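By the count of the numbering used here, the sequence shown reaches residue 591 at its end, each step adding exactly one. The beta carbon of each residue, even a glycine, is placed where N, CA and C say it ideally should be. Since the model is a prediction, treat every value here as computed from it, not as a measurement. To keep things clear, I will list the structure first and then write my remarks on it.
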Amino acid sequence: FGMAALTVQGRTDLLEVIDARVEGRSTIVTSQIPVEHWHDYLGIDNPTVADAILDRVVSGALRIPLSGESMRKLRSGTQA
512 FGMAALTVQG RTDLLEVIDA RVEGRSTIVT SQIPVEHWHD YLGIDNPTVA DAILDRVVSG
572 ALRIPLSGES MRKLRSGTQA
């Protein structure tokens with residue numbers, strides 16, 4: 512999530528998927544963008560859609576913030 516800009520249709524599709532899963536299924540969302548910046552990322556042209564997505568994703572979520580070196584870097588043996 513957040514690797515490339517979402518189109519208007521992409522945001523609408525994301526809302527539909529999240530909305531369909533919110534009551535009955537677990538959903539894992541991973542992102543390199545901190546949660547506090549998601550609204551800016553999702554709400555560029557329609558803050559209402561961003562509000563709807565975040566309301567469904569963030570409320571009741573178990574957040575596991577990760578930090579440290581990239582696992583790809585560690586596995587390849589590359590030094591920082």
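Exposed or buried, what is L526 when buried is set at 16 or more other beta-carbons lying within 10 Å of its beta-carbon?
-> On the sequence shown, position 15 is the one that residue 526 refers to. So L526 ends up on the buried side.
Buried or exposed by the 16-neighbour rule on C-beta atoms within 10 Å, applied to A561 | In the sequence shown, the residue the question calls residue 561 occupies position 50. Burial call: buried.
For the region 525-540 and the region 559-576, state whether three or more C-beta atom pairs, one from each stretch, are separated by less than 8 Å.
-> Using a C-beta cut-off of 8 Å, the region 525-540 makes contact with the region 559-576, since at least three inter-stretch Cβ pairs fall below that distance.
Determine the burial state of V569: buried for a count of at least 16 other Cβ atoms within 10 Å of its Cβ, exposed for fewer.
-> Position 58 of the sequence shown holds residue 569. So V569 counts as exposed.
Three-way DSSP call (helix, strand, coil) for E534 in this model = Working through the sequence shown from its first residue, we reach residue 534 at position 23. Here E534 sits in coil by DSSP.
Drop a sphere of 10 angstroms on the beta-carbon of L553, count the other beta-carbons inside from all chains shown, and report buried for 16 or more, exposed for fewer.
-> The residue you call residue 553 lines up with position 42 of the sequence shown. Counting of Cβ neighbours within 10 angstroms places L553 among the buried residues, the total reaching 16 or more.
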